[in-house]
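Written below as structure tokens is the structure these notes are about.
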DNA sequence: TATGAATGAGCATTCATTCAT
DNA sequence: AATGAATGAATGCTCATTCAT
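Protein chains in written order, with the numbering used here: chain Z, 1 to 208; chain E, 1001 to 1208; chain X, 2001 to 2208; chain A, 3001 to 3208.
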């Protein structure tokens, strides 16, 4: 069996165990057993428990980010991009609950190196949203003055709301990704739209 | 020294240590030392490490909830109540970073009993917001049909956004509680208002 | 059982195990078992394996040095002091073979801190002999020019010879401490005496 | 590359690593890496860690013995032979510090098989000196009765003194091999000479 | 009641050694 | 013959918890 695939098995197992038990409570023995390999092999491949954890976090962060990026088409209008990005986000977190738990629950509470990965992920996501807002606002002409700092604040709030809904959707199977998107867009698009479009779409929510 | 005050010292110390190190990494020795009591006394008063942790979570959750409740006046209009509640929330989390870390970072990741406390806290906060929305919507007449489930979703998103901004404000001293409130209200009030007022109050952002 | 005596038992056991197996081969478990205490207690009392080893070395070095010092009377003539010191040295090393093994065999080969203890012990012993030689030479008048460096060299050789004979005597029960003293004095006194007495001591130290 | 030379490289590396770290602390990995060969090859050639160590000890013991033997001319007078042998001894130990460390510091502290090699080396050296003394004494006629046992004792002391001076010279570059020889001869020759020369050669230190 | 002392269980990590090629 | 890969065994150490006073 090639090394790469063995290593992936180990990471899979590690994400599962770390996601369920947290860093300290997770035993290297359990991870090795779940991966079906002798425990020293885990050390041979991934050096130490901390390195293994950081590798998990990095992989899951990368996967989530890729999912979000992959769900968005660059040329689309801002609202479309936002909806698509959120949809991809919810779909990914719901489909990978342990990875999401590692990122959202455990990685921030453990050593610097793993927390940094999460900070980087958040920075990336916030940046994505911020860029979307800023560039759309620029297209909208000078109508509304929206500074960089304000945009970042809005993006922080948006990402936080999305995380919360991801947990909500993850814990209740009756909540679909699509519903989470609608909920979040209903709540925030009216506040966002005026900054992003030249003419207020005469009634913001046209209900004839 | 009366038992109650000794016990409070222990909880203070425990919140500090748990908040900084997390559940597993925190050593009972450290907590006892910081509290200035011999370590078996902690067991005598709080039974076990897990019980101690749950007690911390319960106390901090209660304090946060009390702060939010205390910041709101019942008769005020919905927007006022929301703003005041958020302000109290941000102020409390910023002023009690270790307690906030225990609640936000660690409590959800450790055993059922502590996670339950956080769920209860969230349920309470979400309920607060939900009741605000629902009752305001009821006052607004049948204008907009907003079901309980939709209201819960919105509240979840709102609370999540608030948590995110609390972390943001906690990590950057230049961000005031007031700015966090504005940011969140700017983002979400336009989406909320139509449901809460009889007449869509002359479009929130008047664009002639 | 008082702490001091428990700790001594641990050191006794440690000296035995370290003396027989060397530092790395010695297992903390073995030491604890031989001492009749649970293994974490050893860590509680003596912190770490290295600290335990250093404590052993320090104790054995101190004991050997005390034995040598205790065997010598300050006012006696140089030859008498040398004989008595050597006798005490051989007697002690033969009676405490494991302690001697720790000092002579293992302590110099392990970390700095333990090697330093041995260096200190040797420095002390060499200093003892050097002072004996130098002061006796001074008493002898300017007859023979014996510089400090030469005296140190002679002392180094003497101590080395003594160590070798200690191993010899330790390995062969038929060799008594007294015989080891005679052997070493026969070999070295004729070379030493001329430096230490004004007139080739028809009686070396005339006591009228 | 022929097997013999590969094997020598391994022994070279092993002596370096063993000399610096001691038996247990030395890792087969380090030795293999320093020798520039894959680690299983070391096992293939030298069977096991212990065998490798014994091979090192045997080689270094042989080299030291050869150096001493090579420094002495058989027909020379006893004093000359002793001086030359010591000179060769000091020169070799100073020039091969790691080999000397293996022999003097580590080999005696590890398993029987390596300790035996050191015993054999010492026996050889002691035998060399003993034969020198005994045969010179025999030449000297019955003047002094020097039994075998006495001769062995003297030789033990002499070799021990030499070892001590070797360490002294090894640790202080200002001490030359020649100075070490002088020091040791000054100390011991007066005690040795009477046994080795027909007529106590007009007392070594003339006492009228 | 309160405390100094003790202990049993668990865990990450290292290393010599051996397969499978 | 020679090597990359794998593994079983062992070890130092920490910590929550409980006695004995």
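All C-beta atoms, glycine included, are put in the ideal place defined by N, C-alpha and C. No experiment lies behind these values; they were computed from the predicted model shown.
Cβ neighbours of residue i in the same chain (closer than 8 Å, five flanking residues each side left out)
i               : result
residue 3097(A) : 3019, 3170
residue 3146(A) : 3133, 3134, 3137, 3195
residue 43(Z)   : 28
residue 1067(E) : 1088, 1089, 1091, 1092
residue 3007(A) : 3045, 3046
residue 177(Z)  : 87, 90, 91, 94, 169
residue 1152(E) : 1126, 1130
residue 1187(E) : 1161
residue 1057(E) : 1102, 1103, 1107, 1114, 1117, 1118
residue 2149(X) : none
residue 3(Z)    : 45
Three-state secondary structure (DSSP) of residue i
i               : result
residue 2201(X) : Residue placement at residue 2201(X) cannot be trusted, given a pLDDT of 44 that sits under 50; what the coordinates show is reported in the next sentence. The answer is coil: DSSP assigns residue 2201(X) none of H, G, I, E or B.
residue 3102(A) : helix
residue 2190(X) : helix
residue 2010(X) : helix
residue 1096(E) : coil
residue 2110(X) : coil
Cut-off 6 Å between Cβ atoms - residues of its own chain near residue i, not counting five sequence neighbours on either side
i               : result
residue 3181(A) : 3083, 3086, 3087
residue 3099(A) : 3015, 3060
residue 101(Z)  : 19
residue 3032(A) : 3039, 3042
residue 113(Z)  : 54
residue 139(Z)  : none
Beta-carbon contacts of residue i that lie in its chain and below 7 Å, excluding the five residues immediately before and after
i               : result
residue 132(Z)  : 78, 81, 82
residue 1969(X) : With chain X covering 2001 to 2208 only, the question about residue 1969(X) has no answer from this structure.
residue 1026(E) : 1017, 1018
residue 2046(X) : 2010, 2052, 2055
residue 49(Z)   : 28
residue 3108(A) : 3115, 3118
residue 1156(E) : 1126
residue 1201(E) : Its pLDDT being 44, under 50, residue 1201(E) is placed unreliably by the model, and the measurement read from it follows with that caveat. Once the five neighbours on either side are set aside, the close Cβ partners of residue 1201(E) are 1193.
residue 13(Z)   : 31, 34, 35
residue 3111(A) : 3050
**OP:** Quick one: which unbroken alpha helix (DSSP H) runs of 4-plus residues sit fully inside the segment 1117-1184 of chain E? Chain order, please.
**Re:** Taking 4 residues as the shortest admissible run, the segment 1117-1184 of chain E contains the following complete alpha helix (DSSP H) segments, listed from N- to C-terminal end: 1148-1171.
- Message: Taking 8 Å as the cut-off, does the segment 2119-2128 of chain X touch the segment 3105-3120 of chain A (at least 3 CB pairs, one atom from each stretch)?
- Response: no
Worksheet entry | Minimum length 3: unbroken beta strand (DSSP E) runs contained in the segment 3017-3087 of chain A | none
Item to check | Inter-stretch contact (C-beta, 8 Å, three-pair minimum) for the segment 32-41 of chain Z and the segment 59-74 of chain Z | outcome: no
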